[in-house]
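Asker:
Protein chains: 6
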Amino acid sequence: MKKGIAYYNVGEIFDYYMLVKSATKGVASNGKPFLTLILKDITGEIEAKLWDATQEDEELFHSEQLVKITGDVNQFRGRSQLKIHTIRPAQPTDGVKASDFIEKAPVDKEELMSRLTEIIFEMKNPNLQRIVRYFVKKYQDDLLTYPAAVKNHHEYVSGLAYHIVSMLNLAKQLKQLYPDINADLLYAGIILHDLGKLKELSGVATPSYTLEGKLIGHIPMMVEEVGQAARELQIEGEEVTILQHMVLSHHGKAEWGSPKAPLVREAELLHLIDLIDAKMNMLNRSLEKVKPGEFTERLFAMENRAFYKPVFDE
Amino acid sequence: MKKGIAYYNVGEIFDYYMLVKSATKGVASNGKPFLTLILKDITGEIEAKLWDATQEDEELFHSEQLVKITGDVNQFRGRSQLKIHTIRPAQPTDGVKASDFIEKAPVDKEELMSRLTEIIFEMKNPNLQRIVRYFVKKYQDDLLTYPAAVKNHHEYVSGLAYHIVSMLNLAKQLKQLYPDINADLLYAGIILHDLGKLKELSGVATPSYTLEGKLIGHIPMMVEEVGQAARELQIEGEEVTILQHMVLSHHGKAEWGSPKAPLVREAELLHLIDLIDAKMNMLNRSLEKVKPGEFTERLFAMENRAFYKPVFDE
Amino acid sequence: MKKGIAYYNVGEIFDYYMLVKSATKGVASNGKPFLTLILKDITGEIEAKLWDATQEDEELFHSEQLVKITGDVNQFRGRSQLKIHTIRPAQPTDGVKASDFIEKAPVDKEELMSRLTEIIFEMKNPNLQRIVRYFVKKYQDDLLTYPAAVKNHHEYVSGLAYHIVSMLNLAKQLKQLYPDINADLLYAGIILHDLGKLKELSGVATPSYTLEGKLIGHIPMMVEEVGQAARELQIEGEEVTILQHMVLSHHGKAEWGSPKAPLVREAELLHLIDLIDAKMNMLNRSLEKVKPGEFTERLFAMENRAFYKPVFDE
Amino acid sequence: MKKGIAYYNVGEIFDYYMLVKSATKGVASNGKPFLTLILKDITGEIEAKLWDATQEDEELFHSEQLVKITGDVNQFRGRSQLKIHTIRPAQPTDGVKASDFIEKAPVDKEELMSRLTEIIFEMKNPNLQRIVRYFVKKYQDDLLTYPAAVKNHHEYVSGLAYHIVSMLNLAKQLKQLYPDINADLLYAGIILHDLGKLKELSGVATPSYTLEGKLIGHIPMMVEEVGQAARELQIEGEEVTILQHMVLSHHGKAEWGSPKAPLVREAELLHLIDLIDAKMNMLNRSLEKVKPGEFTERLFAMENRAFYKPVFDE
Amino acid sequence: MKKGIAYYNVGEIFDYYMLVKSATKGVASNGKPFLTLILKDITGEIEAKLWDATQEDEELFHSEQLVKITGDVNQFRGRSQLKIHTIRPAQPTDGVKASDFIEKAPVDKEELMSRLTEIIFEMKNPNLQRIVRYFVKKYQDDLLTYPAAVKNHHEYVSGLAYHIVSMLNLAKQLKQLYPDINADLLYAGIILHDLGKLKELSGVATPSYTLEGKLIGHIPMMVEEVGQAARELQIEGEEVTILQHMVLSHHGKAEWGSPKAPLVREAELLHLIDLIDAKMNMLNRSLEKVKPGEFTERLFAMENRAFYKPVFDE
Amino acid sequence: MKKGIAYYNVGEIFDYYMLVKSATKGVASNGKPFLTLILKDITGEIEAKLWDATQEDEELFHSEQLVKITGDVNQFRGRSQLKIHTIRPAQPTDGVKASDFIEKAPVDKEELMSRLTEIIFEMKNPNLQRIVRYFVKKYQDDLLTYPAAVKNHHEYVSGLAYHIVSMLNLAKQLKQLYPDINADLLYAGIILHDLGKLKELSGVATPSYTLEGKLIGHIPMMVEEVGQAARELQIEGEEVTILQHMVLSHHGKAEWGSPKAPLVREAELLHLIDLIDAKMNMLNRSLEKVKPGEFTERLFAMENRAFYKPVFDE
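Protein chains in written order, with UniProt numbering: chain A, 1 to 314; chain B, 1 to 314; chain C, 1 to 314; chain D, 1 to 314; chain E, 1 to 314; chain F, 1 to 314.
Here is the structure:
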């Protein structure tokens, strides 16, 4: 495949396929309609204006449509913009498919599932293990395809499972270094902490927030689900309360959506591991797009910092 | 009954009964043991030191014991302190009973229950009404005896029910003034909003926080219970989600323990009504204890303000 | 009257009258002048660009002019915009008048005045009553026509008086529920609290801030006026100080413009009643414009929240 | 005079006179009454316990009484404490007088008044000058004796006038360095900014807050007085509004009690000059009490910092 | 010279020279390229669009180029914009030179240097004096030409030295008023406090941040340089530590970039003097551009306040 | 060895050795001198009062003295206190040595050094490696004995080296999981980040802050040292700047003492690894002291949280 849109510099000519993420109609200062297209491939997005858009254009260039496009990469108000020369819907004969333009986790679903299974197999506390199995079974399909978030980090197909597996790997190493950790509790917390997102978000492709997501949020929703699962499985005792606490407290403090801060060692660790893996995901993906000696774009979820890529980097 | 301990001035002699709230052993600078007693009646509390306490004293003067006591009211580090002259356990022949020394709501349980029933009867939305009935039935005893909080406001027997009924009265008036309000939703939110406290607190007499209360808190616990009740009653639909949202958001913002701020009109109103009724309860009870022209003690839950009682007050 | 501009959807054709709220000249990218018109009726506002505006256009389409307009309702950068087809000044023969396009309180001036008089008549404290009468007499005309604010809540003709009367109604109910309240003090505080706005704002139709408003603000201005009135009426004593305190503290805390937080029970209530009535006004007017199942636009003065209108609303 | 109490080290014997600032009765753990005396001279204060205090002691050793005292300077919970050997009321024959034990400004009243007069004489704007004269005449006695504050800075006799004169001196220098400054406006603002304290505080010797001081505060009280003075003097126009703005904004921001931040250059300068003079007063007086190479005690009004006195200081 | 661009009103015709500060290429909605020029003279800047820009235009109108331009001053989105009629590069025969269009300090380099030398000559502490001399010698050229900042205050040629000299003048007056001040320490701190900017900024004309400036910042860089200088000069002792502390703490608190708040009297004064001089510079330059009775534009570095210029100003 | 003082309950008799951490003289309410002793062993500290202390007692029981003590463990104001029965200095014949009563890292110095050497050996970037070697050689003795802090975490002998080695182990695992990490940079940052503490703290046994530590702090001091080392080693280039940035930014944000937040991936990681290792150290040591089902004491450095130890913990 050609280099992705994120790697084009101002002045270069683009001549390849992209997926239409959204198409919004507007009226130009000359009174004529135009389309604002957000186009994407797996490396990023770019805006393009289709001036003097006809009724037919509106029908052709809608969300989820794959298009063949040529144009100049320009700058407008400090952001890249594609000046369209030609645009047409992709044809079957072009031999490209939409799924190649949607970013997905660097590890495939089967491998993610097998790693999950492996870790669950290692768990020794039967109550924690049974609850975890219950959820993995109940949500298996969605768990393996959902993104971990709408934006910022792991916001791609299978992002949630990839995030969970990365966190589990990190947890396993921490258990080696700090043997007092209750590994079963930490593993269970990691696997369950964000499953509320399966109900908070509307789907995989272009996820938005559900009504329940907006009014309740994934954290209280998942606290409730853990309680309900325990009742179904007839599990009682502190494991249930503490697992609910792990889910409830994993954002770290009230201002960030956790009405209780972590009050159990493994809950504190869950919060820290979540933080590290999310930050590494954001940093690595942004740094990949710049050259040594340059700064990344500002990362909103990291206090709007722009990061520097040293020139002596291996 | 004699005037309560809260109304004694420094220099006055106390000669009546009080209830021992707590008794803690210490060792004085001369090496002899002493007891620090917290004594209470329905108007307030006072600390007293029992110097040179014997083994027998320790056994006699424990928490929940009613005692006959004489002593001087003094001042120590800016707080009242009772200097004990004589102390003895109350006898059956004294004709006093512990329950007269425990503060309770100014309205009795039967009246609170009948007011609750009346309001529930007025509700027209069957889903909301059924969920409310379910909880009132399930928790009737505790609901009518629990305090609304451990300290600050309505921290007395039946305080929770009294707080709920006061809020319902206020809600009913607001419905008259702002007829767009969905009264059923508001009533349901008021009745359920703090029921999680029945599991967060350990009991009526000397309530402390349960483990679940400390690790999960009454808000997420009640969100879960509302979901569970709806499943039992086979009620589905927006009423359930919005009722959960009412409970979840009633503290008003994340820093105060509500991961979602109110996003429905009646949820916002629930938060405001809760605020007004709690504040009026704190203010009225503090102002009662001071004379016109004086300031109350500082009220921690009202940003540590001391309030002034005007001399021209009716 | 036809449905208001706030109820038009993108794509609909508008063909009716509106009032020009402001007209600003600009120069388009093709070098030609244009006018940016803000047009309003009693339901809301919309922006419209008049391209290639002539000298004559500039003279015709100025602030306060009523116009007949046809056009398409479009979307531009997420906000509605009217694409003008035809525009002309309204004629006497059109049978429309400007006042029908300016929002006003839902209750008329006479009724507001009579409700005010009624409440003042109920007051028993002669000092408080005389000070209130002094101000109602001094400012009667402005008091009955001014808006309560430039934006956010009650920002329409007679908004201030309507806000005062709503607050008085609420205060009267609270007095029933919490009889310890000093009703005279609360009523006096409510009637006077915002009268400083009559000098802070420049007028009724298109209010802006006066120099005194910008440099001193309505709160200290009104504190001064209360003092001056008391001197004129030869009233001395605590009522004056406490009435000044009510005005001074009604924003609730220093960050919000009250150098003293409320330190008298009725001052705290005044702040809470002001909050409730302002919020109900904002919420009701925003919710009216959306359908069940939708969210309102974000309300800046309510921490930028968008509120949900339940589908099961009566 | 002997060295002041602030300069005694732990272990030294004190044998001189001090003034009783306050005397509070308590009951010791052995059941006997004692007096806690706060004793002061012009350098500072020390606490002393008078054990086994008799009824006669209580009568002799009250606030404002000058006493002859001998004792050891000890340390208790990190603060100095005087262990009393002997104590008796001072006699006329002792040849000491109370006023020598009360701190006052390092410049006397006559000199402060003459410096004030000098500056007022330099003012050219007749409106500003007349208003300033009005206040200096109205409050002359109090203005020359009041402290500038109850604690922290210039909290001694004539502290207010001394603070004003220091600020005027600084303002005069700033006018040299930045000639655009309107000196008349700045001088008027400096002289008036804190005059509200004459009504906010109860007196000179042991000032406390008046009711008006607690409920309104010196800033809005003085804004009102400026308005009233202008009306009496029949002065109208921007000078009055801006002078009120100077007073209103001199604490710099809302959180610090100024509902409007400075919006005029000279108002900003007034705030900064006030800050510098208050800080220099606190710093110099604290540094005087420590030796080179030591840190001062923590200064509450300077964010609780302890300041270092360099060893190489001249 | 003609009046500066900052003094033009909307509607006026501009017909004079300006310097191109930056030229950015864009593509208009009609698909044709244009240049966005930022033009400046010593009073301010204005944006201008050069539509239908040719390849030749791009080459002619680049940063640092002096141009002769005619056009209308318009308003666009609330900011001034120049509508270009004609534009051409300035010719040698025009008799204008770029340096006349770059703002510089109102006092020339020689005078600034001589004032600096004078103050250093007055210093008595040999260690402090030698360190100061070392830096003035090492950086003399840059010190006399650099701006004090990229924007906000003293952001012009020789701004740094002008700021230092103004601060020294103010310090000298303060020493008169508060004689306890260690003048040598204060002078040394003032001269050195911002010298790290010579490495933090890339140059005089169009300064940007260097990599070291972005990753380390001028404060820690200068702390290091002071240490290094002391080692080179073989100076040891508290003067070095305290001078480093002066530099380190001069932003006043951690949130503003000083990991230690001022803990020495002269460090606190340095911070305050820096504040006053920066604010006076911002205020005076903004107020100069408005007429009495008007407000300045909002000043970002002064909490976004707009300041009022009184009509009675001399 | 007997169980440590941290494991005694109220009411138990202590009869063993402890080290005097500090001895402060006071005067009791009966006028007699007493000593407040802080006694410690490797598990914790306890306060004890030695009443009626003689001159000889003062000489015998000073800081760093090992004592044989018997007494009761009591409670005073919620803290443990030892009521002394007998106390005497330890004798050589007792066979105990002071070093057994000072907490130290669980791994010995030789092992820590060898692990450090191993990691340095793995580094490939010669500039980073040489700078690290320079510091390890220069400070070897102190580096291996200093605590990492005065309180909160790793506040024991060899705490700094133990903290560094734990962080290096964690870094090595992270490099496996996120291979993009520049391990050399991260290792160098970890080894150097806190070396400024060797100058900020006064020593190993009872560390306090040096003057330089108080006025400059370990972060800017170490930034300077890295610069100086690079000059000595004649190393130039980005490695030096970025290493200084790692040290400067490792507290994460300005409020926490880092004037620059991390702007390089490895700097962000250094901050996170530091956080995790410090938190795990605090948590593990606190949890060790409580039984399953209990909460730890409140941990000041973890937002004052008390952590729960689950009963089902392995």
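Quick reminder that beta carbons are idealized off the backbone N, C-alpha and C, glycines included.
Kindly indicate the opening and closing residues of the alpha helix (DSSP H) around E:A183.
Answerer: As a working mapping, residue 183 of chain E is identified with position 183 in the fifth sequence. Unbroken alpha helix (DSSP H) run through E:A183: 183 to 192.
Asker: Taking buried to mean at least 16 other C-beta atoms within 10 Å of its own C-beta, is B:P92 buried or exposed?
Answerer: Locating residue 92 of chain B in the second sequence gives position 92, where the first residue counts as 1. Its Cβ having fewer than 16 others within 10 Å, B:P92 is exposed.
Asker: On the DSSP letters alone, give me the boundaries of the beta strand (DSSP E) that B:G159 sits inside.
Answerer: For the purposes of this step, residue 159 of chain B is taken as the residue at position 159 of the second sequence. First-last for B:G159: 159 to 177, but that is the alpha helix (DSSP H), not the beta strand (DSSP E).
Asker: Between E:P106 and chain D, is the shortest Cβ-Cβ distance under 7 Å, so that the two count as touching?
Answerer: Sequence index remark: in the fifth sequence, residue 106 of chain E carries index 106 (1-based). By this cut-off, E:P106 is not an interface position.
Asker: Mind checking D:E111: buried by the 16 CB within 10 Å criterion, or exposed?
Answerer: On the fourth sequence, residue 111 of chain D is found 111 positions in, with the first residue counted as 1. When all chains shown are included, D:E111 counts as exposed.
Asker: Give a yes or no on whether the C-beta atoms belonging to D:Y156 and D:E103 are separated by under 7 Å.
Answerer: In the fourth sequence, counting from the first residue as 1, residue 156 of chain D sits at position 156. In the fourth sequence, counting from the first residue as 1, residue 103 of chain D sits at position 103. For D:Y156 and D:E103, yes; Cβs fall inside 7 Å.
Asker: With 8 Å as the C-beta to C-beta threshold (strictly closer), list the residues of the segment 299 to 310 of chain C near chain A in chain order.
Answerer: Flagged, chain order: Y308.
Asker: Apply the 10 Å Cβ neighbour rule to B:P220 and answer buried if 16 or more other Cβ atoms are within range, or exposed otherwise.
Answerer: Here residue 220 of chain B is taken as the residue at index 220 of the second sequence, counted from 1. Per the 10 Å Cβ criterion, buried.
Asker: Looking at the structure shown, is F:V20 part of a helix, part of a strand, or coil, going by DSSP?
Answerer: Along the sixth sequence, read from residue 1 onward, the residue named residue 20 of chain F stands at position 20. Reduced to three states, the DSSP call for F:V20 is strand.
Asker: So, does the segment 80 to 100 of chain B touch the segment 109 to 128 of chain B, judging by three or more C-beta pairs under 8 Å?
Answerer: Contact fails: fewer than three Cβ-Cβ distances are below 8 Å.
Asker: So E:S249 and E:A230 are in contact, right, with Cβ under 8 Å, and what is the actual spacing, rounded?
Answerer: Indexing the fifth sequence from 1 puts residue 249 of chain E at position 249. Indexing the fifth sequence from 1 puts residue 230 of chain E at position 230. E:S249 to E:A230, Cβ: 18 Å. No contact.
Asker: Does the structure place the segment 266 to 277 of chain A close enough to the segment 164 to 183 of chain A that three or more beta carbon pairs sit under 8 Å?
Answerer: Segments in contact, yes.
Asker: Among residues of its own chain, excluding the 5 on either side of C:Q75, which ones have a beta-carbon nearer than 8 Å to its beta-carbon?
Answerer: Walking along the third sequence from the start, residue 75 of chain C turns up at place 75. For C:Q75, where only same-chain residues beyond five positions count, the Cβ hits under 8 Å are V10, Q81.
Asker: Opposite F:L198 in the DSSP bridges: which residues?
Answerer: Taking the sixth sequence and counting its residues from 1, the one referred to as residue 198 of chain F is at position 198. Answer is none; F:L198 lacks a bridge partner.
Asker: Is D:A306 helix, strand or coil when you go by DSSP?
Answerer: Stepping through the fourth sequence from its first residue, residue 306 of chain D is reached at position 306. Coil.
Asker: Taking 8 Å as the cut-off, does the segment 231 to 248 of chain A touch the segment 126 to 133 of chain A (at least 3 CB pairs, one atom from each stretch)?
Answerer: Contact holds: three or more Cβ-Cβ distances are below 8 Å.
Asker: Buried or exposed for residue 352 of chain B, please, with buried defined as at least 16 other CB atoms from any protein chain shown within 10 angstroms of its CB.
Answerer: The structure shown does not extend to residue 352 of chain B, since chain B is modelled only from 1 through 314, so no value can be given for it.
Asker: How would you call C:A98, buried or exposed, if buried means at least 16 neighbouring beta carbons within 10 angstroms?
Answerer: Sequence index remark: in the third sequence, residue 98 of chain C carries index 98 (1-based). Exposed, by the Cβ-count rule.
Asker: Among A:V150, A:L215, A:V223, whose alpha-carbon lies nearest the alpha-carbon of B:I216?
Answerer: Here residue 216 of chain B corresponds to residue number 216 of the second sequence, with the count starting at 1. Checked all of A:V150, A:L215, A:V223; the closest Cα to B:I216 is A:V223.
Asker: Is E:T86 close to the ligand GTP? I mean its beta-carbon at under 6 Å from any heavy atom of the ligand.
Answerer: The model depicted lacks the ligand GTP and carries no ligand whatsoever.
Asker: For F:Q140, return the contacting residues in chain B, with the cut-off set at a CB-CB distance below 8 Å.
Answerer: Against the sixth sequence, residue 140 of chain F aligns to sequence position 140. Neighbours of F:Q140 on chain B: none; closest Cβ ~46 Å, over 8 Å.
Asker: When the Cα atoms are used, what is the spatial distance from B:L192 to B:F135?
Answerer: Sequence index remark: in the second sequence, residue 192 of chain B carries index 192 (1-based). Sequence index remark: in the second sequence, residue 135 of chain B carries index 135 (1-based). Spanning the two alpha carbons is a distance of roughly 8 Å.
Asker: Please state whether the Cβ-Cβ distance between B:V20 and B:S63 is less than 7 Å.
Answerer: Within the second sequence, numbered from 1, the residue matching residue 20 of chain B stands at position 20. Within the second sequence, numbered from 1, the residue matching residue 63 of chain B stands at position 63. For B:V20 and B:S63, yes; Cβs fall inside 7 Å.
Asker: Any idea if D:M1 is buried or exposed, counting beta-carbon neighbours within 10 angstroms, 16 or more meaning buried?
Answerer: Translated into the one-based positions of the fourth sequence, residue 1 of chain D becomes position 1. With a pLDDT of only 49 at D:M1, under 50, the local geometry of the prediction cannot be trusted, and the value read off the model is given with reservation. Flag for D:M1 reads exposed.
Asker: Quick check: the Cα distance between E:N284 and E:D72, rounded to an integer number of angstroms?
Answerer: The residue you call residue 284 of chain E lines up with position 284 of the fifth sequence. The residue you call residue 72 of chain E lines up with position 72 of the fifth sequence. Roughly 28 Å separates the two Cα atoms.
Asker: Expressed to the nearest angstrom, what Euclidean distance is found between the alpha-carbon atoms of C:S258 and D:G213?
Answerer: Here residue 258 of chain C corresponds to residue number 258 of the third sequence, with the count starting at 1. Here residue 213 of chain D corresponds to residue number 213 of the fourth sequence, with the count starting at 1. Rounded to whole angstroms, C:S258 to D:G213 spans 15 Å at the Cα level.
Asker: Beta-carbon of A:D274 versus every beta-carbon of chain F: anything under 7 Å?
Answerer: Taking the first sequence and counting its residues from 1, one reaches residue 274 of chain A at position 274. No, because no Cβ of chain F sits closer than 7 Å to the Cβ of A:D274.
Asker: Hey, does A:G217 have any beta-carbon neighbour from chain B nearer than 7 Å?
Answerer: Counted from its first residue, the first sequence places residue 217 of chain A at position 217. True, the Cβ-Cβ gap to chain B drops below 7 Å.
Asker: Could you tell me which of E:G203, E:T86, E:D52 sits nearest to E:T145, measuring between CA atoms?
Answerer: As a working note, residue 145 of chain E is residue 145 in the fifth sequence. Residue E:G203 is the option with its Cα nearest to E:T145.
Asker: Does A:K104 come out as helix, strand or coil in the three-state DSSP assignment?
Answerer: Along the first sequence, one-based indexing puts residue 104 of chain A at 104. Of the three classes helix, strand and coil, the one that applies to A:K104 here is strand, per DSSP.
Asker: Can you pull the chain C residues whose beta carbon is under 9 Å from the beta carbon of D:V150, in chain order?
Answerer: Residue mapping note: residue 150 of chain D aligns to position 150 of the fourth sequence, counting from 1. Chain C residues near D:V150: none, gap ~17 Å exceeds 9 Å.
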